[in-house]
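Student: Chains as they are written, first to last, in UniProt numbering: chain C, 1 to 327; chain Z, 1 to 327. Okay, handing you the structure first.
Number of protein chains: 2
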Amino acid sequence: MSESREIHLVRRPSGIPVEEDFAVVTGPSPEPAEGEVQLQAVFVSVDPYMRPRLDADQPLNAPMLGGGIARVIKSRHASLREGQLVRHALGMRERFVSNGAGLTALNPDPSLPLSVYMHALGMTGLTAYAGLLEVGALKNGEQVFVSTAAGAVGSVAAQIAKIKDCYVVGSTGSEDKAEWLRTTAGLDAVINYKATPIAAALQAATPKGIDVYYENVGGDHLDAALTRMNLRGRIPVCGMISTYNGGHDGVRNLFNVIYPRIRIEGFLVGDFGHLNERFIEDMTAWIKSGRIKYQETILDGFARAPEGLIGLFRGYNSGKMLIRVAD
Amino acid sequence: MSESREIHLVRRPSGIPVEEDFAVVTGPSPEPAEGEVQLQAVFVSVDPYMRPRLDADQPLNAPMLGGGIARVIKSRHASLREGQLVRHALGMRERFVSNGAGLTALNPDPSLPLSVYMHALGMTGLTAYAGLLEVGALKNGEQVFVSTAAGAVGSVAAQIAKIKDCYVVGSTGSEDKAEWLRTTAGLDAVINYKATPIAAALQAATPKGIDVYYENVGGDHLDAALTRMNLRGRIPVCGMISTYNGGHDGVRNLFNVIYPRIRIEGFLVGDFGHLNERFIEDMTAWIKSGRIKYQETILDGFARAPEGLIGLFRGYNSGKMLIRVAD
């Protein structure tokens, strides 16, 4: 327990990141001082939003920004006891100390697997919930399109829309994922955009147009959606994964926002902490009743975090990609 | 008075319209039946929004959709008297009859030229006013960017922002127009995008970023603005003239809506009729006190309407382009 590892960015990626852009750096594992705890990573998160940061905000030769679930293994802190699980955003570190700032105690429902708190009951779930219901102002029974609908955020957004009695179309990039969306998640129509051009497929799949497009992709997906939006449609922008690795085409159909008075609005989950209590209550009930289903792709071993992040942009994940470091 | 003329679209334009896409068609001037009036066009409007319609909504071999100011020259109508001025959206027609539907009585302030009711006190003025203050939710003292700032809508939007104590940057496509914006309209900074690339010029001109981008252009203007938007910035989309005549590049910086939580929202002036009374009151006062200045480019003669419309896309107008048909 005297050593710890960190994932560092050592080179800014060109296009999709490769293993050589990262390094696993071993160093001493500091002991907690008075008022501090020592934490052991349990799960580490890798998410699409990390990619744009690699071009600028993420410092080189420093721990990757990011978060996960950790467990207190030594405590000299007044209120955080040994064994307590916490959520944190303190970076990709195997063991580390904290004075408690940036830690949120996590007391999971014992009937659910802990990994669920990394996705449907975690940041990605709240991203789907807030983006669809608050930014997207979804009304029951509307026409909804979700891109990367088999992803961690998209799969939750699509199923929330189903719970709200909407007609839901999802796009994804493989037949396996499309099949999961059709049969398990119960979407009304699914587009495999690698098998059929998105514009024609979306037109065919949305006979009543689109009221809310939950946007994770950008590029040709956004262009396709812009030709299908209904009056006063909303496009909450969660991400634009098609643009993250360079070389993307521009969006040509933005003029279409004018006649139907479309609103396109970017958002960050961090603005919606006030919804968290209601979200946890709703989502826990939906998961337990089987109305929200999920997939997760778990890589075992701290050192596989770069592989997990790279895999996101190659579509290797079904649902949430996460790294399991310890039980 | 037994003949009248109409402007017809006879061919869908490819790129910027040309004279051959239109025809001036002469026919009989119908007499008003009981309950109808006969109207004589006084001013005919030509506006950028007409261009996208030429590709689809505008019927071929029928009068061009559009509006203007007309005068009642014969009346068999209970409340519309001979000599009454009206606003209408009944198309590009020299003389025509109406049962009153779609006519709005216009009682202009006698101390102002009638032409002002075709722009600053007309639809283009309300477009600027509603787009900036309602859709853009402008607050006093904010940082504002207006594209086509010397145009009919842009020049009003830019000056309203100055009245609201904002820092205002405008873009335009000629040195003459830039000079008018600097010296007469009193903008804080003016970019001639034909002389300097818009992205670098906008960066230099907006040291405190942009809170509201009043969008008339699209394309590289939008891309440039998207890199300069402040937290919770708004982009009311009035038009995207750069896209109207084909061959435009896509917009590549839309990812930038996410981190600063930008809202892009299309709108049509027709949704803001409820503001008209307040608008007329404000704008009349602003014009009379010299706080709103305007330019207008008037072509004399009904048959010059196609020339006027084409000229809009070649930048031949300073301020509002309009056609004078009669005194």
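Cβ coordinates follow ideal geometry from the N, Cα and C atoms, glycine included.
(1) Using only alpha-carbon positions, find the residue among Z:Glu215, Z:Asp271 and Z:Ala205 that is nearest to Tyr167 (chain Z).
(2) Does the beta-carbon distance from Val146 (chain Z) to Tyr49 (chain Z) come in below 8 Å?
(3) Note down, in chain order, every chain C residue with its Cβ under 8 Å from the Cβ of Pro52 (chain Z).
(4) How is Lys320 (chain C) classed by DSSP in three states: helix, strand or coil?
(5) By the DSSP assignment, the alpha helix (DSSP H) with Lys162 (chain Z) in it spans what residues?
(6) Might you give, ordered along the chain, the residues of its own chain that have their beta carbon closer than 7 Å to the beta carbon of Gly91 (chain Z), omitting 5 neighbours on each side?
(7) What residues in its chain sit with their C-beta under 8 Å from that of Glu31 (chain C), if we drop five residues either side in the sequence?
(8) First and last residue of the beta strand (DSSP E) that includes Asp327 (chain Z)?
(9) Express the C-alpha separation of Arg324 (chain Z) and Gly154 (chain C) in angstroms, rounding to a whole number.
(10) Just the Cα atoms here: how many angstroms apart are Asp211 (chain Z) and Ile292 (chain Z)?
(11) Which runs of the alpha helix (DSSP H) at least 4 residues long sit entirely within the segment 221-293 of chain Z? Give them in chain order.
(12) Taking a Cβ distance cut-off of 9 Å, strictly less, list which residues of the segment 266-291 of chain C are near chain Z, in chain order.
(13) Report the residue from Z:Gly122, Z:Pro52, Z:His77 and Z:Arg51 whose alpha carbon sits nearest the alpha carbon of Ile287 (chain Z).
(14) Do Gly239 (chain Z) and Val46 (chain Z) have their C-beta atoms within less than 8 Å of each other?
(15) Specify the secondary structure class of Thr148 (chain C) as computed by DSSP and reduced to three states.
(16) Below 8 Å on C-beta distance, what does His248 (chain Z) contact in chain C?
(17) Kindly list the residues whose CB is nearer than 7 Å to the CB of Asn61 (chain Z), restricted to its own chain and excluding five residues on each side of it in sequence; keep chain order.
(18) Curious, which full-length alpha helix (DSSP H) runs of at least 4 residues does the segment 46-104 of chain Z contain?
(19) Do the segment 213-233 of chain C and the segment 244-260 of chain C meet, that is, are 3 or more Cβ pairs less than 8 Å apart?
(20) Leaving out five residues before and five after Ala89 (chain C) in sequence, what residues of the same chain have Cβ atoms less than 8 Å from its Cβ?
(21) Chain Z partners of Ile262 (chain C), CB-CB under 9 Å?
(22) In whole angstroms, what separates the C-alpha of Leu54 (chain Z) from that of Val18 (chain Z)?
(23) I need the straight-line Cα distance from Gly247 (chain C) to Pro13 (chain Z), nearest angstrom please.
(24) So what does DSSP say about Ala303 (chain Z), is it helix, strand or coil?
(25) Could you name the residues of chain C that Gly308 (chain Z) contacts, counting a contact when the two beta carbons are closer than 8 Å?
(26) With a threshold of 16 other CB atoms inside 10 Å of the CB of Thr104 (chain C), please say whether the residue is buried or exposed.
(27) Return the CA-CA distance between Leu275 (chain C) and Asn99 (chain Z), expressed in angstroms with no decimal places.
(28) So, is the C-beta of Gly136 (chain C) closer than 8 Å to a C-beta in chain Z?
Tutor: Inspection of the coordinates gives the following:
(1) When each option's Cα is compared against that of Tyr167 (chain Z), the closest is Z:Ala205.
(2) No, these two residues do not count as a Cβ contact at 8 Å.
(3) Chain C residues near Pro52 (chain Z): Phe255.
(4) Lys320 (chain C) falls in the strand class under three-state DSSP.
(5) Ala152 to Ile163 is the span of the alpha helix (DSSP H), which, as asked, contains Lys162 (chain Z).
(6) Only residues of its own chain outside the window of five on either side were considered, and among them Pro63, Met64, Leu65 and Gly66 have a CB closer than 7 Å to the CB of Gly91 (chain Z), listed in chain order.
(7) Once the five neighbours on either side are set aside, the close Cβ partners of Glu31 (chain C) are Gln38, Lys74 and Val97.
(8) Counted as a single uninterrupted DSSP element, the stretch harbouring Asp327 (chain Z) is not any beta strand (DSSP E), since DSSP gives it neither H nor E.
(9) If I take the Cα positions, the gap works out to 56 Å.
(10) Here the C-alpha atom of Asp211 (chain Z) lies approximately 22 Å from the C-alpha atom of Ile292 (chain Z).
(11) Qualifying alpha helix (DSSP H) stretches, in chain order: 276-288.
(12) Considering only beta carbons, the part of the segment 266-291 of chain C lying closer than 9 Å to chain Z consists of Gly266, Phe267, Leu268 and Asp271, in chain order.
(13) Ranked by how close their Cα comes to the Cα of Ile287 (chain Z), the residues Z:Gly122, Z:Pro52, Z:His77 and Z:Arg51 have Z:Gly122 in first place.
(14) Gly239 (chain Z) places its beta carbon 8 Å or farther from that of Val46 (chain Z).
(15) If DSSP states are grouped into helix, strand and coil, Thr148 (chain C) belongs with coil.
(16) Against chain C, the beta carbon of His248 (chain Z) has neighbours under 8 Å at Arg252, listed in chain order.
(17) Counting only Cβ-Cβ distances below 7 Å, and skipping sequence neighbours, we find His8 and Val10.
(18) Counting only runs of 4 or more, we get 50-53.
(19) Flag = yes, the segment 213-233 of chain C and the segment 244-260 of chain C touch.
(20) Within the same chain, Ala89 (chain C) has close Cβ partners Leu65, Gly66, Gly67 and Gly102.
(21) Residues of chain Z with a Cβ closer than 9 Å to the Cβ of Ile262 (chain C) are, in chain order, Val237, Ile264, Glu265 and Gly266.
(22) Pairing Leu54 (chain Z) with Val18 (chain Z), the inter-Cα distance amounts to about 12 Å.
(23) Cα-Cα distance, rounded: 32 Å.
(24) Ala303 (chain Z): helix per DSSP, three-state reduction.
(25) Here the premise fails: no neighbours, minimum Cβ distance about 22 Å.
(26) Label assigned to Thr104 (chain C): exposed.
(27) Distance between the alpha carbons of Leu275 (chain C) and Asn99 (chain Z): 55 Å.
(28) No, its Cβ sits nowhere closer than 8 Å to a Cβ of chain Z.
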